[in-house]
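A short worksheet on the structure shown next.
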Amino acid sequence: MTYPAALRYTKDHEWIGVNGELGTVGLTDHAQSQLGDVVFVELPKSGAKLEAGKPLGTVESVKAVFEIYAPASGEVTEVNDDLANAPEKINQDPYGAGWLVKLRLSNRAEITGLMDAEAYESYLAGQGASC
Amino acid sequence: MPIEYPRTGGLVAEHKAVRGGVGIFDVSHMGDVRVRGRGLGAGLAAVEHITMNNAARLAAGQAQYSAMLYPEGTFVDDLIVHRLGEDDFLLVINAGTREKDVAWIQENTKGFDCEVADWSDAYTQLAIQGPRAADVIRKLGYAAVADLSTYWFAYATICGRSDILIARTGYTGEDGFEIYVPSDIETSEDVWRRVLEAGREFGILPCGLGARNTLRLEARLPLYGHEISQDINVWEAGLGRFCKMEKGEFVGRAALERMKSALTRTLAGLEMVDRGIARDGYRCQDEAGNVIGHVTSGSPSPTLGKNIALAYLPPEFAALGTVVCVQIRGQKLKARVVPTPFYRRPRGQEPGGGKGHSSAPR
Amino acid sequence: MGKIRKASTHVNQNEGLIFEKSSPGKRAFDLPQLDVPAVDPQKALGVHYRAGGVGGFPEVSEIEALRHFTRLSTWNYAIDLGMYPLGSCTMKYNPRVNELVARLDGIATEHPLQPEDLSKGCLRILRLLETCLLEITGMDAITLQPAAGAQGELTGLLLIRAYLQSQGNARSKVLVPDSAHGTNPATAVMSGYLVENVKSDSDGQIDVERLTEQVTDDVAALMITNPSTLGIFEQRISEIAEILHTRGAFLYMDGANMNALAGVTRPGDFGVDVMHLNLHKTFSTPHGGGGPGAGPVAMKKILEPFRPVPVLVEKEEGELALDEARPRSIGRVKAFSGNFGVLVRALAYILAYGPGIRQATEDAVLNANYIRKHLEGIFELRYSLPSMHEVVFSDALQKQKGINTMDIAKRLIDYGFHPYTTAFPLIVPGALMIEPTESESKEECDLFIEAMRAIAQEAALVPELVKQAPHSTRIGRLDEVAAARKPVLRWKGSDSSA
Amino acid sequence: MRYLPKSPIERQDMLAAIGAKSVEELFSRIPVRHRLREALKLPGPYSEAELIEYFKDRSRENSLGYSSFLGGGIYRHLQSVITETVIQRGEFLTSYTPYQAEISQGTLQAIFEFQTLMCQLTGQEVANASMWDGSTATTEAVLMAERVTKRQRVLVAYSLHPQYRDVLRTYVRNSQLQVEEIGFGGDGRIDLEALEASLREDVAALVVQSPNFLGVIDYSPELAERVHRAGALLVVAVSEGVSLGVVRAPADADIVALEGQSFGLAPSYGGPYVGVIATREEFVRQMPGRLAGQTADAQGRRGFVLTLATREQHIRREKATSNICTNQALCALAATVHLTLLGKEGLRELAEQNLSKAHFALGELTKIPGIRRAFDAPFFNEFAIVLPQPVETVNRRLLTHKIIGPLALESSYPTLGRHALVCVTEITSRKQIEELISALRTVLAPDP
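For the protein sequence lines, the chains are V, L, H and F, in the order given.
Here the first sequence is numbered in the numbering used here, starting from 6 and rising by one per residue.
Here the second sequence is numbered in the numbering used here, starting from 32 and rising by one per residue.
Here the third sequence is numbered in the numbering used here, starting from 366 and rising by one per residue.
Here the fourth sequence is numbered in the numbering used here, starting from 943 and rising by one per residue.
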């Protein structure tokens, strides 16, 4: 299914999966399909402090650049280095091998403010996006 | 176009302005028909077929006086043929006969692979006429005006507008030009205004139909419905010079061939001896009172200060000096047959070149 | 499939990289005999000596070098081959005499630092070009310094900033319409301003009512392109100027589309305060595959004191000179005295036309409208106000068959034309931006129209044919994704050559 | 008009097709009060012959017939017929930026070759498709260093071309960047103590020119090392590209900003020239300007495309790395052809001739009483001397000998009174050098 129920979603088309203190961040299937073939990803170093709603990096296709916004605040614990050599993973497996960063959440409350899969899909529908 | 512009002088002043200086006529009502070949030479062939003069002898950029004839050798209309390109012609026809002419042209060019388009609405046609016309044109921005011979035309930039078709043609017996301006109001009005401005120092006047008629009459230039019509043939009208029998077939040629020898009437110039003005349609009589012909146009001549007229008379009455009578409001008034044109442009005013003179009606 | 009248396939010579043709010991250049004692570079330079010369440099003969580049040239499309309907790029004829005069001894040979007494000719050329451009734009002062349009934009905004600063407040925002060229926002940021977008109304014109609200005391300028990138003249332009002026803001005009105005109207007369000109567009200096250009900036009197140095001035004796001592100047934007060689070509172009430059403008507009007339209905016209020098369609009608503007553009190549500008301006989704320029004959325009109509039919009947295009080129569509993922940006020896 | 391909009647036909009565109507959206009624007051129209005559007249008002010892960022070098022949081919001269790769392979491959040549020359890993000139390339290099290091202090050698420094100042005036100048020592090289003092952890880059504006070679691996120790980048500006034929490449620099005018481009009174930025692969996405990259089509045939375009203004808009749009493609092509013709050996020989002639000239000049060499660090084809009299005076007198004398340094460096920068290239003949010497002897001779 295009939007796993276990995840939470942002209006900027990031997803975050929460596991205790840790959150894993990626781009939604909708985002990657809109973007087209990803050719480059710019991610923070681990240890970087992220603030919810603030840019955490950029993702590029041949003809476009998108800012990636942090769905939640916290400190980056791990970065998906494979993407440097294989950015196409974001297209191929957005919820798996295409993940971007893992972070230690500093404010769990932020998560509850995000959309669940259903809300996100209706949000997309509202955007007139075809899924 | 009004009969006259009283506020700026009226008929006589307008007439004299053209003879002595320069005048401008709005002749937008004239018709413009574009005949262009699709197949090679088809346009030329078509024009040759429907007109009596020899269009093949025109160079691109040259124009000629000509006429379209019925099979009987009588007039559909007279016109000026401009050769725009190898196989591309602009026919300028009379206002009154426009619809008829266009229909006739379309009908008679069916057999040719050519395109006939009525461009009348695309142009505002202005006639700038008189000995100082060239000065006005030069002032409007066409420096090379001296190189433009009579009955030739060019595309020039005048009044800041490029590609204006300007022809050294006219209907007044003077040197003069006819310019073809895009017909949108803004452009037309602006050009009219600029011409008047440029002409001010030469005493330019806007001229009406009245002056146009007296001017052309003095110069013996035919007017459709008067000197020429569907009942009058080329020989009678004395326009044989513009009819090139030798060029080969054209509509009306066969009839003209037959009628050449048997001429029953001819167009003569009259000068009133008695006081009175011979008007168009008045009957002409001999001493005995037999009707021998009729007047086609008549008017006082502002230039000559005499009353003149044109009339169709039997050849034997058309000899110079012959005195005939014109029936004017019940009276028989004397008139003498005189040479035409009544007025000839004085020497020295002939524009340079003269390439086209032979094709100008005189 | 449509009948292709303009083009047919032809043989292309294959040609490798120059480095692959290299063989040690070959040479294509001989130097004159050294007429002074040779010094030992090792001794002269010591540790700085580069032993063994430049590794990897090619070694070929003259004929091989000439053939190599001649063969490459045959893989290019060019104005000399035909119409280049690139919207907003103004690809017009580049007169060859301009190349000749720019290369004359005494013109090309002049050193920018040589004494002014020995540069009178160059200075007079600069002055005459200034005079001509001011007459054409209706402005008061000008600088020929900027190296290109983008630098012209920057210079223009820096002038505005300098003036506002001199008034005590540089302000913080620059307004840019959503239809603007990408350089506008980029430039605004470089000159230290924040960019705020201005929406176009349903006609693609600036929404004047909304603009009025957006113009606060914090706005330094509005950067406008007129005619807009839609090829439409901003009818309320002087009104827009007034709105800005009453708020103490400036109207900046991107002169990219001056091609539609020269000789017909003057930005200086309709309220523009400062503008740049792309000499490689309106004034026909060759694009040369992407430069060089030149971006003079014309301005109103109020901005004159801030012009970049050097400034061309007339000394009391009427002598021309380049003045460097300008206390209020924004400084220098480029070393030396502008792209002189480009300026020479532009002047030659202007002199060839004289006042007749209006005719070029008229023909450019005539061509665009002629093409628009014949393609209307076949391609969707999103904004239908009268066009000036270019017309912007969208691919909406072809989208239904899955054909987008890029596909159509690529197919146009098979018909012997360079593609039009695709996907710009951004406010027209799937844009086809067509600018024929005055250099195209009626015949060439007719061929183009015919090609576009044929492609529209193909899109409906044989969409695949269009999607796969071009079919007649040396190589097919190239893999841009691979190029961007694993960039290969130089020759690294035969291993890297596919 | 000879450039316009329409006859009046064709124009009328097109108007008719459009359904407009006059061309005036096509401008209907321009408010009437803004439409020009009168023709523009411009000289012309000129025929081809008149055009040539006009510019020939101007050329005679310039420096024809003078020999020159000017350099200072612009150098007179041999040009080649082949280069001119190639860049005047319509397919290069009149083509557009190669966005449509399928019909622009000529330009694209040439750019790729240019990028390769520039890397080989500078010892760097990637080079862009060109910038406007050396001054803007140097400025862009600094802005790039800021993006890479996210630091905002920049140290600039005082011996960097004065006009390059001016341009940098103009560009950074409205940014957060602070620029500090580092003076030069007695030998003409950058003053290392002064550098040490300013080279702290917040420095984004040091910019030096080599050979610098005083003629001396200023780059060295050691300098790079110093800079790197502070975590800063070394930016090396090269305004005399020919030097790289014999002078060690700035391989340890992080960014090289090159002026390519010396590669077959005429001085042309100020431009157009060709700048280049070369750097390390890791910084490529921070590099401004166009880039051609190698790729392949569906059949696997090698081809070239403009790539990494996402750095550029037409996509990034206000987030672009630079607002640069045009580059100097044709000038870059000229440089590519010229360097190809020179080849490995030609360039080395060319550079060595410059070196030899400059050293010969220095030797002869310093034989003249009162003239001495200003800086003793190694130089290439330019060197500073000190004259016994003000340079302006000397140069004014030299003009009467049909000689354009060396560049006065005092105007840019107030402390360098009577200092002059002499430039000698392969096209300066021994005869010209000897004429300069004898002219100087006359000029400097005490008036009787």
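Quick reminder that beta carbons are idealized off the backbone N, C-alpha and C, glycines included.
Since the model is a prediction, treat every value here as computed from it, not as a measurement.
Nearest residue (CA-CA) to residue i, options the options
| i | options | result |
| --- | --- | --- |
| N591 of chain H | H:I608, H:T630, H:I472, H:I840 | H:T630 |
| G858 of chain H | F:E1055, F:I1016, F:H976, F:L946 | F:E1055 |
| R1131 of chain F | F:I1375, F:I1379, F:Y1100, F:N1265 | F:Y1100 |
| E249 of chain L | L:T188, L:L364, L:A340 | L:A340 |
| K131 of chain L | L:T203, L:M99, L:Y202, L:G104 | L:M99 |
| P345 of chain L | L:A366, L:C315, L:T334 | L:C315 |
| G1015 of chain F | F:I1379, F:T1367, F:N1116 | F:T1367 |
| T739 of chain H | F:M1060, F:L957, F:L1137 | Thr is not the amino acid found at residue 739 of chain H; the sequence shown has His there. When each option's Cα is compared against that of H739 of chain H, the closest is F:L957. |
| S271 of chain L | L:R88, L:Q358, L:T105 | A quick correction: the sequence has Gly, not Ser, at residue 271 of chain L. Comparing Cα-Cα distances from G271 of chain L to each of L:R88, L:Q358, L:T105, the minimum goes to L:T105. |
Alpha-carbon to alpha-carbon, residue j and residue i
| i | j | result |
| --- | --- | --- |
| I715 of chain H | T594 of chain H | 24 Å |
| K386 of chain L | A175 of chain L | Note that K386 of chain L scores a pLDDT of 37, beneath 50, so its modelled location is shaky and nothing firm can be said. |
| S1181 of chain F | Q1151 of chain F | 8 Å |
| A1208 of chain F | A75 of chain V | 53 Å |
| G142 of chain L | A816 of chain H | 33 Å |
| L797 of chain H | F758 of chain H | 5 Å |
| E115 of chain V | S127 of chain V | 21 Å |
| S861 of chain H | Y1113 of chain F | Annotation note: pLDDT 39 at S861 of chain H (below 50); position unreliable, no value reported. |
| I369 of chain H | D779 of chain H | 8 Å |
| C136 of chain V | V70 of chain V | Confidence at C136 of chain V is low in this model, with a pLDDT of 35, below 50, so the placement of that residue should be treated as unreliable; the coordinate-derived value is given next. Straight-line Cα distance between these residues: approximately 21 Å. |
| G241 of chain L | M753 of chain H | 45 Å |
| V1198 of chain F | V846 of chain H | 28 Å |
| T650 of chain H | G658 of chain H | 7 Å |
| G1305 of chain F | S1354 of chain F | 26 Å |
| S390 of chain L | P801 of chain H | The predicted position of S390 of chain L is uncertain, since its pLDDT is 39 and thus under 50; a value taken from the coordinates is nonetheless stated next. Going by the C-alpha atoms only, they are around 43 Å apart. |
| V1177 of chain F | A1147 of chain F | 7 Å |
| M618 of chain H | T520 of chain H | 12 Å |
| E302 of chain L | A286 of chain L | 33 Å |
| F348 of chain L | R225 of chain L | 50 Å |
| L1386 of chain F | V1333 of chain F | 11 Å |
| T647 of chain H | P673 of chain H | 23 Å |
| S51 of chain V | N96 of chain V | 23 Å |
Supposed contact pair residue j and residue i - C-beta distance, whole angstroms, cut 8 Å
| i | j | result |
| --- | --- | --- |
| T82 of chain L | P237 of chain L | 32 Å between Cβ atoms; not a contact. |
| V23 of chain V | L108 of chain V | At roughly 10 Å, the Cβ-Cβ gap does not stay under 8 Å, so V23 of chain V and L108 of chain V are not in contact. |
| T1036 of chain F | D445 of chain H | 5 Å |
**Report entry** Inter-stretch contact (C-beta, 8 Å, three-pair minimum) for the segment 766 to 784 of chain H and the segment 703 to 716 of chain H
**Finding:** no
Query raised in the report: Any contact of the segment 67 to 82 of chain V with the segment 962 to 981 of chain F, i.e. 3+ C-beta pairs under 8 Å?
Result: no
Query raised in the report: Three or more beta-carbon pairs under 8 Å between the segment 1321 to 1335 of chain F and the segment 968 to 987 of chain F, yes or no?
Result: no
Requested in this report: Say whether the segment 1226 to 1239 of chain F touches the segment 1086 to 1094 of chain F, bearing in mind that this needs 3 or more beta-carbon pairs closer than 8 Å, one atom from each stretch.
Outcome: yes
Requested in this report: Would you check if the segment 596 to 610 of chain H and the segment 465 to 475 of chain H touch, i.e. whether three or more CB-CB distances between them fall below 8 Å?
Outcome: no
Query raised in the report: Fully enclosed by the segment 404 to 459 of chain H, which alpha helix (DSSP H) runs are 4 residues long or longer?
Result: 406 to 410, 427 to 438
Query raised in the report: Which residue spans inside the segment 53 to 84 of chain L form an unbroken alpha helix (DSSP H) run of at least 4?
Result: 73 to 81
Query raised in the report: Which residue spans inside the segment 22 to 104 of chain V form an unbroken alpha helix (DSSP H) run of at least 4?
Result: 34 to 40, 87 to 90, 94 to 97
Query raised in the report: Quick check: the segment 138 to 156 of chain L against the segment 70 to 86 of chain L, are there 3 or more CB pairs under 8 Å?
Result: yes
Query - Sequence ranges, beta strand (DSSP E) only - wholly within the segment 630 to 683 of chain H, length at least 3 - result: 639 to 641, 662 to 664, 676 to 679
Query raised in the report: If we count Cβ pairs, one from each stretch, closer than 8 Å, do we get three or more for the segment 151 to 164 of chain L versus the segment 54 to 65 of chain L?
Result: yes
Query - Inter-stretch contact (C-beta, 8 Å, three-pair minimum) for the segment 1269 to 1286 of chain F and the segment 1051 to 1065 of chain F - result: yes
Query raised in the report: Any contact of the segment 1341 to 1355 of chain F with the segment 1008 to 1028 of chain F, i.e. 3+ C-beta pairs under 8 Å?
Result: yes
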